[in-house]
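Inspection log for the structure reproduced underneath, given as structure tokens.
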Amino acid sequence: MVIVKATASSEAGELPSEELLIAMGQFNEALVNAGIMKAGEGLKPSSQAVRVRFSGENRTVTDGPFAETKELIAGYWLWEVKSMEEAVEWVKRCPNPMMEDSDIDIRPIYEMEDFAEVDPQGEVEKHEDELRSRIATHDAAVQPYLFFGGRCEEALEFYKQAIGATVSMCMRFSESPDPAPEGMIPEGFENKIMHASFQVGKMTLMASDGCGEDSAFGSFRLTLTVPSVADADLLFNALADGGTVDMPLTKTFWSPRYGMVTDKFGLGWMVMVPGEPC
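Residue numbers (the working numbering): 946 to 1223.
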């Protein structure tokens, strides 16, 4: 952890000049390009902070600002480097982050192996690994990727007309910067869609013609939730054109309008209107 110590100007809330902001941005870019920077933020002055003091079972909250500027920090980075010496060399390249003389501290971060002596069974380490896995997925997005076996362009046009899909990106195999490996795609697939991205309402889906294999959309459906019964009727009928109605639209205990349909490309849908909250 690379810690930028607070100064009188940072505690006064004085913003950096445009020149310094640009210089720091260039330094951060160099860190990112080198694969070193994992995180980094500037902190507002302690006048906008609170401090919580622990004393036994008691907790005392004190509003800032806090005295002793030298004990405060104004920002930080998290870097992944091979050694302290490497970190020092990078810090030396950093523009002075303050308008006056300033200090940057470099502190190694504990790794779980540092606690092996007090965690001989590895139970704490296992728990920490589980937490890291959960954190890693907090901002993850799960998106359907649909393979249409040579009919992707036709499918995209259908969804544009039937349910108002918007295609944001479409690349054909012939447009790829890197040609497909020999034998990967069948003859005649050069102008088929290698990758596409399209949006239906608030959901983004991805699609492709694949590499010649037949499409098979089994064991799952896409749920299309709309605000009104009239909307459900309109979109359900559009998706059913050339497809199969698996469950006609009807009123259920969880929805005033719900039905299941498989479109002409074999993709299953559940069209529904939200029910009243419990």
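The beta-carbon is built from N, C-alpha and C at its ideal position, and this holds for glycine as well.
Owing to the predicted nature of the structure, the values given are computational and were not obtained by experimental measurement.
Between the alpha carbons of P1089 and D1050 lies a distance of about 45 Å. Residue environment: R1077 is assigned as exposed (fewer than 16 neighbouring CB atoms within 10 Å of its CB, all protein chains considered). Of the other Cβ atoms in all chains shown, 16 or more fall within 10 Å of the Cβ of W1214; this residue is therefore buried.
Assignment of beta-bridge partners to R998 by DSSP yields T1005.
Between G1009 and the set G1163, V1216, R998, the nearest pair of CA atoms involves R998.
DSSP, read as helix, strand or coil, puts L1212 in coil.
Under the DSSP assignment, V1190 falls in the beta strand (DSSP E) whose first and last residues are 1189-1195. The beta carbon of S1000 lies closer than 6 Å to none in the same chain, with the five residues before and after it left out. Taking C-alpha positions only, N978 is separated from G1020 by approximately 21 Å. The C-beta distance from P1042 to M982 rounds to 15 Å, too long to meet the 8 Å contact threshold.
One thing to note: G1157 has its Cβ within 8 Å of the Cβ of I1130. A residue is called buried when at least 16 other Cβ atoms come within 10 angstroms of its Cβ; F1198 does not meet this threshold and is exposed. Residue K1196 holds the alpha-carbon nearest to the alpha-carbon of E1221 among T1111, Y1055, K1196, A975. DSSP places W1199 outside both helix and strand once states are collapsed to three, so it counts as coil. Between M1151 and S1160, the beta carbon gap of about 14 Å keeps them out of contact (Cβ cut-off 8 Å). Beta bridge pairing from DSSP links F1092 with S1153. Checking the DSSP bridge columns, you'll see S1142 partnered with M1114, M1151.
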